[in-house]
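Order-wise, the sequence lines are chains A and B.
End of the first sequence sits at 190 in our numbering; the numbers just go up one at a time, nothing left out.
End of the second sequence sits at 190 in our numbering; the numbers just go up one at a time, nothing left out.
Protein chains: 2
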Amino acid sequence: MSAETAKDPRPSPARTRVLETAARLFYAEGVHSVGIDRIIAAAGVAKATFYHHFPSKDELVRAYIAEQGAAQRAMVGTLRADSPRETLAAVFAFMCEFGSGSGYRGCPFVNTAAEYPDPAHPVRQAIAEHRRWHRDLYRDLLAADGHADAERTADILLLVRDGLVVGFDLDDPATVRATVQETLTRVLTR
Amino acid sequence: MSAETAKDPRPSPARTRVLETAARLFYAEGVHSVGIDRIIAAAGVAKATFYHHFPSKDELVRAYIAEQGAAQRAMVGTLRADSPRETLAAVFAFMCEFGSGSGYRGCPFVNTAAEYPDPAHPVRQAIAEHRRWHRDLYRDLLAADGHADAERTADILLLVRDGLVVGFDLDDPATVRATVQETLTRVLTR
DNA sequence: CTGAGACTAGACAGGTCTGTCTGGTAGCGT
DNA sequence: ACGCTACCAGACAGACCTGTCTAGTCTCAG
């Protein structure tokens with residue numbers, strides 16, 4: 001009930017295995033295309049154990065989204081550069097590198113949102129929460145860099161990020177990489 | 001195999017009803033969440049009739065994507081403004097207006113791509129084709145306007161478009177609208 | 001030793017999925 | 001009158017879906 005989204009409820013090995021397996025399959029194939037049976041088979045876990053840790057599939061999806069968000073936050077924490085400006089560049093460079101990888105399948109948040117139309121759904125709210133964090137990260141970095149219009153530019157960077165994750169999934173990575181670079185120089189110059 | 005994507009194979013009323021119903025339900029709820037039974041019930045069509053016109057659900061999805069593309073191309077054709085520059089502005093203004101509507105649920109191409117991971121799948125190829133048209137539209141308009149770097153700027157506009165369709169689905173429309181406006185002035189100034 | 005909790009294996013219910021098949025009706029060109 | 005095609009209604013097969021349940025194993029704290 002409490003808002004302890006950061007801590008895992010229980011670090012059970014079976015639960016962890018389920019969550020990792022689900023993340024892999026959900027990301028690679030989509031949420032609705034992967035059934036519980038396949039997840040528990042791949043994770044080597046009994047069905048009763050799964051339903052012991054997760055009350056429903058939707059809750060597993062929610063946990064998957066929350067875990068992806070936590071992983072991204074942790075990742076950003078590791079690549080603090082010398083200046084806010086360089087940190088910002090490092091964030092986008094990382095996203096480009098990740099997007100160019102062979103296993104890239106788009107942004108888990110955007111992809112999952114496409115499968116959950118109702119904005120009031122818990123899964124969608126978890127996605128919205130992560131988006132807010134993302135925008136705030138940009139705003140804080142811009143403000144720390146002394147940017148004149150940090151608020152509006154943060155919105156722009158979120159838009160660029162969304163275009164980035166879609167483009168790397170659907171278009172030629174090398175082109176998108178160059179496009180992102182050029183876009184950043186154009187929108188950040190001021 | 002030919003490139004006659006514009007013409008419908010057969011203008012049968014039942015087929016049209018199925019395609020329109022499928023488009024509405026697919027867009028509102030996602031492809032995998034809507035079954036054939038619901039589509040034919042809502043369209044008032046017998047199952048045999050459906051499979052008479054469409055060999056499989058995947059082919060229906062492909063037709064849905066192709067039809068969305070044709071509709072977008074037709075829509076752009078109607079809003080030719082006085083100059084290429086104004087036409088470009090009108091295209092983005094239209095997307096913003098559409099994205100601000102209450103029934104907006106994101107871009108059908110992006111959303112459907114999220115449910116079809118395999119890039120070699122016919123549905124994904126239909127999506128890629130539409131994206132190419134979109135990029136070429138931008139490039140041609142920019143070139144006709146005498147833009148110095150039409151190719152690279154077209155890539156940027158496609159990226160902005162992707163950010164736009166995602167943002168209108170997941171964030172506050174008024175904010176996204178302003179963000180798009182500001183982004184365009186920044187990336188087009190040169 | 002006892003009892004609680006995490007775990008495994010797998011049957012089961014009730015529903016939905018895609019796709020096929022049967023059988024019958026209505027219009028239409030020849 | 002004939003055959004062709006489009007269409008309707010709905011049963012059916014076989015697979016898969018989520019979620020529940022039974023029954024038993026193992027570990028560990030007290």
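In this text, a Cβ means the ideal position worked out from N, Cα and C, and glycines have one as well.
- Closest in C-alpha terms to residue 22 of chain A, from the list A:82, A:103 and A:61, comes A:61.
- Between residue 166 of chain A and residue 162 of chain B, the alpha-carbon positions lie close to 7 Å from each other.
- Our two residues, residue 146 of chain A and residue 177 of chain A, have alpha carbons roughly 26 Å apart in a direct line.
- Between residue 160 of chain B and residue 183 of chain A, the C-beta spacing is below 9 Å.
- Annotation: the region 88-152 of chain B contains no complete segment of the beta strand (DSSP E) (minimum length 3 residues).
- Taking 9 Å as the CB threshold, residue 162 of chain A lines the interface with chain B.
- With 16 or more other Cβ atoms inside 10 Å of its own Cβ, residue 130 of chain B counts as buried.
- Residue 115 of chain A is positioned such that its CB atom lies closer than 9 Å to that of residue 32 of chain B.
- The C-beta of residue 65 of chain B comes no closer than 9 Å to any C-beta of chain A.
- Under the 9 Å criterion on CB atoms, residue 33 of chain A is classed as interfacial with respect to chain B.
- Counting of Cβ neighbours within 10 angstroms places residue 139 of chain A among the buried residues, the total reaching 16 or more.
- The beta carbon of residue 105 of chain A falls within 9 Å of a beta carbon belonging to chain B, placing the residue at that interface.
- For residue 183 of chain A, the C-beta contacts it makes with chain B under 7 Å involve 156, 159 and 187, in order along the chain.
- At a cut-off of 9 Å, the C-beta of residue 40 of chain A has no neighbouring C-beta in chain B.
- In terms of beta-carbon proximity, residue 29 of chain A lines the interface with chain B, with at least one pair separated by less than 9 Å.
- At a cut-off of 9 Å between C-beta atoms, residue 55 of chain A does not count as an interface residue with respect to chain B.
- Think of a sphere of 8 Å around the beta carbon of residue 115 of chain A: the chain B residues whose beta carbon falls inside it are 30, 32, 33, 114 and 115, in chain order.
- In the three-state DSSP reduction, residue 73 of chain B falls in the helix class (H, G or I).
- At a C-beta separation below 8 Å, residue 167 of chain B has these neighbours in chain A: 158, 159 and 162.
- DSSP, read as helix, strand or coil, puts residue 32 of chain A in coil.
- Here residue 124 of chain A has 113, 116 and 118 as same chain residues with Cβ atoms under 7 Å from its own Cβ, once five neighbours each way along the sequence are excluded.
- Rounded to whole angstroms, residue 135 of chain A and residue 128 of chain A show a C-alpha spacing of 11 Å.
- Sequence-distant partners of residue 150 of chain A (beyond 5 residues in either direction) whose C-beta falls short of 7 Å from its own C-beta, in its chain, are 139, 142 and 143.
- Going by DSSP, residue 179 of chain A is part of the alpha helix (DSSP H) stretching over 173-188.
- When secondary structure is reduced to three states using DSSP, residue 11 of chain B falls in the coil class, being assigned neither helix nor strand.
- Our two residues, residue 92 of chain B and residue 26 of chain B, have alpha carbons roughly 24 Å apart in a direct line.
- Under the DSSP assignment, residue 50 of chain A falls in the alpha helix (DSSP H) whose first and last residues are 47-53.
- In this structure, A:57 is the residue among A:57, A:181, A:98 and A:46 with its C-alpha nearest to the C-alpha of residue 35 of chain A.
- Excluding the 5 residues flanking it on each side, residue 108 of chain A has same chain C-beta neighbours closer than 6 Å at 27 and 68, in chain order.
- Taking 9 Å as the threshold, the shortest C-beta distance from residue 152 of chain A to chain B falls below it.
- Looking from the CA of residue 181 of chain A, the closest CA among A:96, A:104, A:100 and A:172 belongs to A:96.
- The C-beta of residue 178 of chain A comes closer than 9 Å to at least one C-beta of chain B.
- Distance from the CA atom of residue 18 of chain B to the CA atom of residue 52 of chain B, rounded to whole angstroms, is 12 Å.
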